[in-house]
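Positions 2 to 197 (this note's numbering) are the ones given, in order, by the sequence shown. Built from N, CA and C at the ideal position, the CB exists for glycine as well. Worksheet: the structure to be examined is printed underneath.
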Amino acid sequence: MENRIKLKVLGLTYSQIKKGAYALVLAEEEGPRRIPVVIGVAEAQSIAISLEGIIPPRPITHDLFVSFAHGFGIRLKEVCIYRFENGVFSSEMIFHDGTREIRIDARTSDAIAIALRTRSDIYVMRDIIEEAGFIYEENDDKENPRNEKGPTGDDRNLSSCSRKELKERLEKAIASEAYEEAARIQEELNKRDNNL
């Protein structure tokens, strides 16, 4: 069994948990699991520009990095999210110059922004998606995420929790700095607010 799982970028959503932050949603290429990664505004803007195919009048930092690498004959082979610790994802970028392979540690947001520009593959270690992922289920054409595991130990479907329970779980997730779970909980609260 493959120890890594290939991912695709689903999109971005605004995070009300951490002011000025966004959640980057990654998904299994062939499966129902999703991983939300909390990222900053600049990285979200860079990823959004790439997803929308917008070419800025002057290169932004990630564009400059790609141009620099290509100028010296270095290509990004792939990105791998290899660690999840204290609510933070760690990634490495694997480059190739035709002769040797070089691995560089990177913030996941930067690695994804560059991978999108170079159309490079994105992977996650299987144990990370099992720990930090949630299942996307389609019921009546509505998104219905189910936590596989959370820091509270409660893996009930978020949609079955009361508003009070969600707020309590949100406070616990923030206190334990589990921002990815907090993003999922806040998304459920936002959905309910929008349906009022």
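>> Quick check for students: name the residue ranges of the beta strand (DSSP E) that lie wholly in the stretch 14 to 95, counting only runs of 3 or more.
In response: 22 to 29, 34 to 41 and 76 to 86
> Should T119 and V39 be called a contact, given that it needs their Cβ atoms to be closer than 7 Å?
Replying inline: If you number the sequence shown from 1, residue 119 lands on position 118. If you number the sequence shown from 1, residue 39 lands on position 38. Result no, Cβ atoms of T119 and V39 do not sit closer than 7 Å.
>> With the cut-off set at 7 Å, would you say L11 and A28 are in Cβ contact?
In response: Taking the first residue of the sequence shown as position 1, residue 11 is located at position 10. Taking the first residue of the sequence shown as position 1, residue 28 is located at position 27. Closer than 7 Å, so yes.
>> To the nearest angstrom, how far is the alpha carbon of S121 from that of K165?
In response: Here residue 121 refers to the residue found at position 120 of the sequence shown. Here residue 165 refers to the residue found at position 164 of the sequence shown. For S121 and K165, the distance between alpha carbons rounds to 42 Å.
> Where does the unbroken beta strand (DSSP E) through R127 begin, and where does it stop?
Replying inline: As a first step, residue 127 is located in the sequence shown; it is residue number 126 there, counting from the start. It is not in any beta strand (DSSP E) - R127 instead sits in the alpha helix (DSSP H) that spans R127 to A133.
> Considering only the beta carbon of each residue, do I56 and F85 sit closer than 7 Å?
Replying inline: On the sequence shown, position 55 is the one that residue 56 refers to. On the sequence shown, position 84 is the one that residue 85 refers to. Not in contact: I56 and F85 (Cβ atoms no closer than 7 Å).
> If we call anything under 7 Å between Cβ atoms a contact, is H71 one with I115?
Replying inline: Taking the sequence shown and counting its residues from 1, one reaches residue 71 at position 70. Taking the sequence shown and counting its residues from 1, one reaches residue 115 at position 114. No, the pair does not count as a contact, with Cβ atoms beyond the cut-off.
>> I need the boundaries of the beta strand (DSSP E) containing R120, first residue and last residue.
In response: Walking along the sequence shown from the start, residue 120 turns up at place 119. Per DSSP, R120 belongs to no beta strand (DSSP E) and is neither H nor E.
> Looking at C-alpha atoms only, which residue of V89, T100, G54 and R193 is the closest neighbour of L25?
Replying inline: By 1-based counting over the sequence shown, the position of residue 25 is 24. Checking every option, the nearest Cα to that of L25 belongs to V89.
> What's the gap between the Cα of I186 and the Cα of A45?
Replying inline: Numbered from 1 along the sequence shown, position 185 holds the residue referred to as residue 186. Numbered from 1 along the sequence shown, position 44 holds the residue referred to as residue 45. Distance between the alpha carbons of I186 and A45 is about 20 Å.
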